[in-house]
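Mapped onto the working numbering, the consecutive letters of the sequence shown carry residue numbers 1056 to 1211.
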Amino acid sequence: VVSTARQKVPGSYGIPGSMAPQQVAETVQWMIKSCAFMYGGLNIATKTFNKMVPFSNPIFKDLFISQWFSVKGEGIRCVDAFKHIPNTTLALIATAVSFYFLYNLTNLTNVDLKYHFYLNKLERMQKDCPNWMKQFKKDLYESIWYMPSFYINISF
């Protein structure tokens, strides 16, 4: 997942782009501290994001497809295991993206991998907002299977 994140994250977030090194470090720190990198509606220039759509940044779908739904991916071979998108999978993606930012863009060598932090966040959301989480995961999963180049009929 880290290798896939290394390929996908720069283009998805546009970092470093034309940013100066200091600006890159400040932006990455803001995104990690606020968890903004996980949310939909992220605007790096204005440092805003939509708090109503966690784990909805397009990078999650992109990494999910690239890692688990490639030609020989586990998502293709083990459909039932991925049907409801495990929280562990989303936490792993969040960890890989944050690792990329911290290790590759700030040159930190003592990176605190926050897998359990992201997993706990997802588990709290599962407990507090079960209907939202169910719909979120269903929408994400269906958006993958119903892509024009990837159509397979599924039912929940």
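All C-beta atoms in this analysis are idealised placements derived from N, C-alpha and C, irrespective of residue type, glycine included.
First and last residue of the uninterrupted alpha helix (DSSP H) at residue i
i	result
residue 1215	The shown model of the chain, from 1056 to 1211, leaves out residue 1215, and the question about it has no answer.
residue 1083	1076 to 1089
residue 1112	Here residue 1112 belongs to no alpha helix (DSSP H), and DSSP marks it neither H nor E.
Buried versus exposed, by CB contacts within 10 Å (16 or more), residue i
i	result
residue 1130	buried
residue 1146	buried
residue 1188	buried
residue 1134	exposed
residue 1127	exposed
residue 1142	buried
Straight-line gap, residue i to residue j (C-alpha atoms, nearest Å)
i	j	result
residue 1169	residue 1058	17 Å
residue 1186	residue 1122	26 Å
residue 1114	residue 1074	20 Å
residue 1078	residue 1102	12 Å
residue 1062	residue 1148	13 Å
Collapsed DSSP secondary structure at residue i in the structure displayed
i	result
residue 1150	helix
residue 1103	strand
Close-in-space but distant-in-sequence residues of the same chain around residue i (CB under 8 Å, 5 per side omitted)
i	result
residue 1192	1139, 1140
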